[in-house]
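Visitor:
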Amino acid sequence: MNFVKRAGLSLWARKGRTLITLATFLVISVMVLAGVLINGATARAEKDAKRSVGAEVNLDLDMSQMGNSAQLQAPSIEAPTVDKIGSLPQVQKYTYSMWDRVLLTGKNKVVDSGAKDSMGLGPGGTLGMGVLDSSLLPDFRSGKSTLVSGAHITAADKDKKQLLIEERLAKQNGLKAGDRITLTGNDEKTTGEFTIGGIYRDPRPTTDADPEFGISPANMLYGSVGGLAALDSGSNGPRKVSKATFLLNDAEEQDAFKSGAKQLAGKGLTGFKLDANDKAVQQMTGPLKSIRSTATVAMWLMGLAGAAVLALLVNLAVKQRRTEYGVLLAMGEKKSKLIAQQVLEIVLVAAVAIGVSSLFAPQLTQSAGQALLGKEASAAAEKLGSWKPPAPGSTGLGEGIDWNDQPVQNADPIDKITVALDPADLAAVGGIGLGIGLLATVIPAASVLRLSPRTILTKGK
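With the working numbering as the guide, the letters of the sequence shown map in order to residues 89 to 549.
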């Protein structure tokens with residue numbers, strides 16, 4: 089009888105031991121497969137996060153350069169230079185912004201927020217943010233702010249007098265998309281008539297002042313860059329901007345874009361940096377790395393513990409089957425085939441365990457992984473939410489506040505993963521399971537090499 093047939097008969101005859109071995113391997117397979125699936129799911133989520141954030145490059149002030157400079161005024165870059173950078177082949181869309189005080193006059197009034205005017209905007213004063221493309225603003229891209237009616241301001245509106253106003257301001261003054269409204273510039277003399285191109289909704293309460301500009305979100309006005317620039321009577325020469333956002337066709341084109349931008353702008357980029365916002369990626373993927381680490385440690389611990397249990401089972405089996413082995417050796421069977429039979433029995437049980445685990449491990453991993461990620465994401469979000477900026481006029485050093493800990497806006501920690509089983513995952517689990525089975529079998533089974541059929545059959549050992 090060949091050793092393959094004997095392995096099958098042995099497994100059937102010793103059902104109790106086979107079931108114990110199967111249960112052990114099933115636990116190992118589920119844990120190992122769960123670790124592999126979580127690693128795969130988190131890797132895909134991280135890749136998606138990098139693609140969504142990495143495809144957006146921000147041109148912003150380089151505070152490190154300003155710290156080393158004697159220049160007191162914040163640097164600015166000319167809008168035509170930004171337009172040249174925006175024409176690079178890697179760029180899908182781009183926008184830039186500038187801001188100044190504007191005044192609502194006549195019958196139109198700003199929304200009363202009940203808060204003290206900390207910006208010194210005066211009666212009817214609010215902030216006019218000139219943008220090239222309002223749809224690329226962070227709050228709109230993240231879905232935090234939504235367009236209620238009308239349309240976004242686009243590059244085609246650059247030299248028109250278009251406005252985007254918040255719905256509370258529109259409701260208070262009985263305004264709708266298509267209506268016209270007169271604004272006065274910061275000099276309180278220059279006026280311009282603007283068309284309301286769209287009305288948007290900001291979910292923040294009226295009393296919550298904007299953290300950057302200190303005004304009520306209900307009073308924030310977005311306008312075309314050319315239209316709002318026309319209210320600045322003192323402006324001469326090309327428009328100046330302080331920040332810009334470039335949405336690339338592909339995150340992989342980031343290096344080529346940066347190189348092209350530096351070549352085009354030259355010294356115009358002095359005082360600025362092109363930032364792909366790696367901090368946002370780290371903030372979003374922190375919980376993913378945490379559960380990946382936990383799953384990996386659990387997987388290896390379970391693998392090593394399972395190997396030890398299997399080694400004990402195999403060693404016990406060898407001792408219980410000494411008489412069987414002695415008879416087979418006396419009949420001329422080779423010791424190598426006895427070891428091969430032992431290995432084959434383990435491999436067959438492992439194959440069944442891996443097959444069974446693949447049926448329910450993905451659903452189990454999805455539930456367990458999602459629960460674990462949810463806790464990690466909630467803890468990370470709570471930590472980010474607890475960060476508070478220092479009081480106005482303070483650097484924060486005295487209060488122990490580190491500006492590097494300031495959360496990145498619209499980069500919430502990822503709290504969802506999707507587990508998917510593919511052939512590569514099964515191959516990985518099969519390889520690990522086979523390795524554990526061989527490791528647990530070879531060492532105890534090697535004792536077969538020391539067996540003597542004469543000693544076993546005459547003395548029973």
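Beta carbons are placed, not taken as given, at the ideal position from N, Cα and C, and that holds for glycine.
According to the Cβ coordinates, are P501 and A469 closer than 9 angstroms?
Guide: Contact: yes.
Visitor: Under 9 angstroms, do R289 and L251 count as touching if we go by C-beta distance?
Guide: Contact: no.
Visitor: Check whether the Cβ atoms of K350 and N146 lie closer than 9 angstroms to each other.
Guide: For K350 and N146, no; Cβs fall outside 9 angstroms.
Visitor: With a Cβ-Cβ cutoff of 9 angstroms, do L65 and G457 count as a contact?
Guide: The question about residue 65 has no answer, for the chain in this structure spans 89 to 549.
Visitor: Just the Cα atoms here: how many angstroms apart are Q497 and P226?
Guide: Roughly 8 angstroms between the two C-alpha positions.
Visitor: Can the beta-carbon of G315 be found less than 9 angstroms from the beta-carbon of G218?
Guide: Yes. Within cutoff.
Visitor: When the Cα of S237 is compared with those of K259, I442 and R380, which residue comes out closest?
Guide: Nearest of K259, I442 and R380 to S237, Cα basis: K259.
Visitor: Starting from R229 and walking both ways along the alpha helix (DSSP H), at which residues does that stretch end?
Guide: Here the alpha helix (DSSP H) through R229 covers P226 to S230.
Visitor: Under 8 angstroms by Cβ, that's how I've got E134 and T333 pegged, so tell me the actual separation to the nearest angstrom.
Guide: At roughly 23 angstroms, the Cβ-Cβ gap does not stay under 8 angstroms, so E134 and T333 are not in contact.
Visitor: With a CB to CB cut of under 8 angstroms and the five nearest residues on each side skipped, what residues in its chain are close to T78?
Guide: Residue 78 is absent from the model: the chain starts at 89 and stops at 549.
Visitor: Ordered along the chain, which non-local residues of its own chain (more than five positions away) have a Cβ less than 8 angstroms from that of L110?
Guide: The residues are V437, V440 and A441.
Visitor: Are the beta-carbon atoms belonging to L335 and Q180 less than 9 angstroms from one another?
Guide: Taking 9 angstroms as the Cβ cut-off, L335 and Q180 qualify as a contacting pair.
Visitor: Cβ of K361 within 9 angstroms of Cβ of D148?
Guide: In contact: K361 and D148 (Cβ atoms closer than 9 angstroms).
Visitor: Note down the Cα distance separating T279 from S347, rounded to an integer number of angstroms.
Guide: If I take the Cα positions, the gap works out to 42 angstroms.
Visitor: State yes or no: is the C-beta of T294 within less than 9 angstroms of the C-beta of G210?
Guide: Contact flag unset, no.
Visitor: When you compare each of G302, N274, I427 and H240 to G266 by their alpha carbons, which one comes out closest?
Guide: The shortest Cα separation from G266 among G302, N274, I427 and H240 belongs to H240.
Visitor: Distance, Cα to Cα, G174 vs R189?
Guide: Going by the C-alpha atoms only, they are around 27 angstroms apart.
Visitor: Taking L215 and Y184 to be in contact with their CB atoms under 8 angstroms, please state how far apart those CB atoms are, rounded to whole angstroms.
Guide: About 16 angstroms separates the two Cβ atoms, so there is no contact after all.
Visitor: Which value, in whole angstroms, describes the spacing of the CA atoms of K195 and K249?
Guide: Going by the C-alpha atoms only, they are around 20 angstroms apart.
Visitor: Look up T333 in the DSSP assignment and give the residues it is bridged to.
Guide: N146 and T183, per the DSSP bridge assignment.
Visitor: Round the Cβ separation of T529 and V431 to the nearest angstrom and send it over; I've been treating them as touching at under 8 angstroms.
Guide: Yes, T529 and V431 are in contact; Cβ-Cβ is about 5 angstroms, under 8 angstroms.
Visitor: Just mark T130 as buried or exposed, buried being the case when its beta carbon has 16 or more other beta carbons within 10 Å.
Guide: The residue is buried, with at least 16 neighbouring Cβ atoms inside 10 Å.
Visitor: What are the start and end residues of the beta strand (DSSP E) that includes L237?
Guide: For the record, residue 237 in the displayed sequence is Ser; it is not Leu. Element bounds for S237: T234 to G238.
Visitor: Just verifying my parser: in three-state terms, what is the DSSP assignment at S312?
Guide: Looking at S312 - three-state DSSP - the assignment turns out to be strand.
Visitor: Quick one: what's got a C-beta closer than 7 angstroms to G374's C-beta in the same chain, skipping five residues either side?
Guide: Excluding residues within five positions, the ones whose Cβ falls inside 7 angstroms are A468 and P501.
Visitor: Return the chain-ordered list of same chain residues with a C-beta closer than 8 angstroms to the C-beta of V170, the five sequence neighbours on each side being excluded.
Guide: These residues qualify, in order along the chain: L147, Y182, Y184, V329 and A332.
Visitor: Just curious, the alpha helix (DSSP H) that D171 is in, first and last residue?
Guide: A167 to G174 is the span of the alpha helix (DSSP H), which, as asked, contains D171.
Visitor: Following the continuous alpha helix (DSSP H) through L352, name the residue where it begins and the one where it ends.
Guide: Note, L352: alpha helix (DSSP H), Q342 to A353.
Visitor: Since V219 sits in a beta bridge, which residues does DSSP pair it with?
Guide: Note: V219 sits in a beta bridge opposite S185 and S312.
Visitor: What runs of the beta strand (DSSP E), each 3 residues or longer, lie entirely inside the stretch 245-322?
Guide: Runs found: 250-254, 268-272, 279-289 and 309-312.
Visitor: Compare the beta carbon distance of A297 and V199 with 9 angstroms and say whether it is the shorter of the two.
Guide: It is not a contact, given that the beta carbons lie outside the stated cut-off.
Visitor: If you follow the beta strand (DSSP E) that K504 is in, where does it begin and where does it stop?
Guide: Looking at the DSSP string, K504 is not in any beta strand (DSSP E), and its letter there is neither H nor E.
Visitor: With DSSP as the reference, label T80 as helix, strand or coil.
Guide: Nothing can be reported for residue 80: it is not among the residues displayed for the chain, which extend from 89 to 549.
Visitor: Which partner residues of L191 appear in the DSSP bridge assignment?
Guide: G213 and T272.
Visitor: If A405 sits next to R105, beta carbons under 8 angstroms apart, how far is it from one beta carbon to the other, in whole angstroms?
Guide: Yes, A405 and R105 are in contact; Cβ-Cβ is about 7 angstroms, under 8 angstroms.
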